[in-house]
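Numbering (the numbering used here), first residue to last: 315 to 631.
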RNA sequence: UCCAAGAGAUUCC
């Protein structure tokens with residue numbers, strides 16, 4: 315059953331859900347019955363595939379089979395419900411799990427916090443941190459990153475910046491994701507200078523800005539009307555000796571910035587560079603370009619791009 | 001007894 319579960323996990327992580335289900339059914343009729351981990355893997359998989367209802371059915375099924383769901387199973391389900399904005403169902407599962415004497419851990423709290431933050435309920439999310447500490451569960455770097463992100467996205471960037479100090483005081487070092495969250499918050503708040511100061515701070519702490527950091531800064535620069543600076547930064551990222559490879563987000567951010575200013579020719583040039591680099595763009599790329607053309611009154615060009623996108627295999631959304 | 005499988009966070013319309 316352990317080997318089967320490992321294989322099941324591989325299939326699930328590779329998004330080969332059909333084969334995963336076949337394997338799971340084979341386990342049921344064979345000698346190696348699905349165990350707790352098998353159910354955990356499959357539940358997580360169907361949930362990530364958007365089928366949370368089936369996740370719940372599998373939970374019932376495993377209980378009928380005499381298996382007790384553990385904190386892994388519950389965190390997959392809670393994460394799925396919270397992820398789609400249904401915090402109430404997440405809490406219900408949290409209570410159900412408590413009734414069954416399964417103790418929550420830091421991951422379960424993270425899932426709930428994310429759900430609360432997504433619904434703009436940052437105050438409840440930050441209460442969660444206190445609640446978990448009161449229960450002897452130590453917040454980790456993910457907890458603080460979620461807290462900072464929730465605060466940023468509720469327009470409380472200043473408090474998010476303070477989380478960086480708070481967590482250090484509590485013995486947790488911010489990592490790249492934590493810094494990126496705060497940099498993004500500051501960029502969205504049009505505070506590029508402060509965002510750059512956070513980047514400096516992360517470098518001082520020995521963390522290397524990664525592609526997400528740069529993508530975030532590019533978006534921030536464009537949003538602050540510094541599109542040319544964004545283009546220059548993109549050039550740096552594209553240089554041979556630079557250690558990171560720009561991705562579709564990188565290009566899209568700059569393309570969006572140029573399109574917003576009506577600089578369609580420049581946006582197209584950037585798009586060409588992207589294609590030369592072997593990146594095909596995605597539906598968002600083409601939406602930016604088409605929207606830019608339309609706003610600039612370039613209907614023919616917009617249709618050309620539409621056709622190009624469709625011919626490249628994209629379905630207009 | 002030991003060893004092996006599973007869950008949470010950041011950037012684009």
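Virtual Cβ for every residue (Gly too), placed ideally from N, Cα, C.
Taking residue 508 as the centre and dropping the five residues before and after it, the same chain places the C-beta of 500 closer than 7 Å to its C-beta, in chain order. Going by beta carbons, residue 366 and residue 395 fall inside the 8 Å limit.
One alpha carbon belongs to residue 442, the other to residue 463, and they sit about 14 Å apart. For residue 585, the enclosing alpha helix (DSSP H) has its first and last residue at 578–590.
Residue state for residue 365 is assigned as coil, using DSSP reduced to three classes. Going by DSSP, residue 601 is part of the alpha helix (DSSP H) stretching over 597–609. Each residue's CA atom was taken as its position, placing residue 468 and residue 346 some 49 Å apart.
Positions of the beta strand (DSSP E) runs, each at least 3 residues long and wholly inside the stretch 488–528, cannot be given because no such run exists. Taking C-beta separations shorter than 6 Å and ignoring five residues to either side along the sequence, the partners of residue 423 in its chain run 442 and 446, following chain order.
Residues 354 of the same chain have their beta carbon placed closer than 7 Å to that of residue 386, with the five preceding and five following residues left out of the count.
Judged by DSSP in its simplified three-state form, residue 417 adopts coil rather than helix or strand. By the CB criterion at 8 Å, residue 451 and residue 419 fall inside the cutoff. Rounded to whole angstroms, the gap between the alpha carbons of residue 352 and residue 471 is 41 Å. Here the alpha carbon of residue 524 sits roughly 7 Å from the alpha carbon of residue 558. DSSP places residue 469 outside any alpha helix (DSSP H), giving it a letter other than H or E.
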